[in-house]
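Taking UniProt numbering, the leading residue of the sequence shown gets 1, the next gets one more, and so forth. Below: one structure, written as structure tokens.
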Amino acid sequence: MNLQKTIIRRCRRKPDRTWRIRAFLIAVLFGSGIASGNEAGDSSLPVLTVSVLQFGTAHWELDHVKHQQLDRQNGYRLILKPVANLPASRLAVTSGSADGAVADLLWAQARFEAGVPYLYLPFSAQIGDIVVADDSPINSVADLMGKRIGVAGGPDSKGWILLQKVAAQQGLDLAETAEVQFAAPPLLSQALKREQLDVIVTYWHFAARLKGEGGWRSAFGMADLLRAMDLDSNLPVLGYVFPADWAADNRSLIDHFARSLSDAKTGLAGHSAYWQRLRPLMGNPETGVFEALKKGFLVGTPSLLTDKRIEDLHRLLELTGADAGHLMPAELFYRGPR
């Protein structure tokens with residue numbers, strides 16, 4: 001029986017969306033309350049609207065910006081527009097109902113190829129993780145031969161593409177020598193727990209939840225795969241995107257936003273108490289999961305972009321199938337406030 005159908009049937013009685021619904025309500029309350037209250041008195045400041053997934057990791061730092069008033073301290077007003085899913089977030093920025101949103105590097109490249117360029121401001125260097133049981137014998141790419149591998153997303157997943165490239169360097173064809181299944185991250189986590197899979201290639205926050213529960217570990221990291229391809233291990237694969245024309249006309253506002261994000265990341269890295277307030281947006285996880293999510297978020301903080309790191313981003317895009325002759329130009333990668 002198809003793995004995904006099996007998992008869906010078994011999980012149907014156990015929905016795990018409660019924390020997402022709660023997080024959405026919190027997001028709406030926070031957003032509407034602040035916008036109608038304190039922000040009403042800041043009409044002299046320029047406004048930046050950002051679409052954000054109510055259950056997404058970017059919401060953690062953006063909510064911190066709002067709560068600590070880091071936007072006003074940096075000379076602008078941030079208005080968040082929580083949405084329920086990724087397509088809605090992309091629609092918000094493409095339709096102009098929001099100035100910016102969080103997007104994958106590959107999405108930004110695809111829009112550029114379609115003739116609609118976006119400025120890409122780094123958000124996170126977390127690509128994903130390769131998770132196995134604590135007692136699994138899998139510790140390297142070579143150990144994956146003949147194993148049952150679950151991959152989050154589809155065949156074009158960055159993590160899966162990288163894994164295959166590194167395997168090919170070692171003379172291995174994982175698509176031929178392993179049993180591969182593609183499914184949504186929650187389904188993969190359940191399949192791993194039921195021993196229907198030997199290993200999963202999944203998004204970092206789903207991996208963090210597993211490891212935080214106990215009994216699961218990283219077989220090896222995505223950073224190891226990047227290094228194996230001679231790429232910087234801290235490449236920002238997620239970013240805040242803004243239409244290029246709009247960004248050019250509002251560069252100072254983008255700079256203000258970038259400074260407030262830097263302040264937020266610094267604060268979250270140095271004050272555990274700040275994270276306690278964010279716990280509801282994280283789904284009110286138990287302590288082990290909470291600490292794993294916090295650690296994973298902070299580890300993903302990207303460094304400022306340099307010429308070399310932009311070159312590596314270009315190489316990563318090429319590895320994932322982008323046209324080498326039509327890559328996002330360097331000026332579309334935000335390097336920091338001027």
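Backbone N, C-alpha and C fix where the C-beta goes; we use that ideal spot for every residue, glycine too.
Residue j beta carbon less than 8 angstroms from that of residue i
| i | j | result |
| --- | --- | --- |
| I149 | V201 | yes |
| F123 | V102 | yes |
| D71 | L78 | yes |
| Y203 | G128 | yes |
| N139 | F257 | no |
| L317 | Q73 | no |
| A178 | M145 | yes |
| I161 | L53 | no |
| G100 | V241 | yes |
| S189 | L210 | yes |
| Q170 | V151 | no |
| P137 | A244 | no |
Residues near residue i in its chain [Cβ-Cβ closer than 6 angstroms; skip 5 each side]
| i | result |
| --- | --- |
| G153 | none |
| G198 | Before going on, a small fix: residue 198 reads as Asp here, not Gly. Cβ neighbours of D198 beyond the five flanking positions: K147 and R148. |
| K294 | W275 |
| L45 | Y76 and R77 |
| Q126 | W204 and G300 |
| F112 | M328 |
| V237 | L105 and I127 |
Residue i to residue j span [Cα, whole Å]
| i | j | result |
| --- | --- | --- |
| P329 | S51 | 25 angstroms |
| F206 | P87 | 20 angstroms |
| A27 | G214 | For A27, the predicted model reports a pLDDT of 45, less than 50, meaning its position is unreliable and no value from the coordinates is stated. |
| Y76 | S260 | 9 angstroms |
| L226 | G296 | 17 angstroms |
| A167 | V131 | 17 angstroms |
| E331 | P302 | 18 angstroms |
| D224 | K165 | 12 angstroms |
| V180 | A292 | 27 angstroms |
| G115 | L304 | 26 angstroms |
| G239 | L298 | 15 angstroms |
| G321 | K158 | 10 angstroms |
| M229 | S43 | 49 angstroms |
| S36 | V83 | At S36 the pLDDT is 37, less than 50, meaning the model places this residue with poor confidence and gives no usable figure here. |
| R217 | L121 | 31 angstroms |
Alpha helix (DSSP H) segment containing residue i, residue limits
| i | result |
| --- | --- |
| L317 | D307 to L319 |
| L105 | L105 to E113 |
| R90 | L86 to S95 |
| V299 | T287 to V299 |
| V65 | A58 to H67 |
| E176 | L174 to T177 |
| I254 | R251 to G270 |
Own chain partners of residue i with C-beta closer than 8 angstroms, once the 5 adjacent residues on each side are dropped
| i | result |
| --- | --- |
| S32 | Because the pLDDT of S32 is 40, which lies under 50, any placement of that residue in the model is unreliable, and the question is left without a value. |
| F290 | G212, W275, R279 and M282 |
Close Cβ partners of residue i (< 7 angstroms) along its chain, the five nearest in sequence each way excluded
| i | result |
| --- | --- |
| D312 | L231, D232 and L235 |
| G288 | G212, E213 and G214 |
| L253 | P46, L48 and Y76 |
| R309 | D232 and L235 |
| D255 | P337 and R338 |
Bounding residues of the beta strand (DSSP E) (the contiguous stretch that carries residue i)
| i | result |
| --- | --- |
| T49 | V47 to L53 |
Opposing strand residues paired with residue i [DSSP bridges]
| i | result |
| --- | --- |
| I200 | V131 and G150 |
| L121 | Y240 |
| W160 | For W160, which the question treats as bridged, DSSP gives no partner whatsoever. |
| R77 | V47 |
| W216 | A133 |
| residue 425 | Since the first residue of the chain shown is 1 and the last is 338, residue 425 is not available in this structure. |
| A183 | A152 |
| G100 | V50 |
| F333 | Y120 |
| V166 | Looking at the DSSP assignment, V166 forms no beta bridge with any residue, so it has no partner. |
| R83 | Here residue 83 is Val; the residue named in the question, Arg, does not match the sequence. Answer by DSSP bridge pairing, in chain order: L53. |
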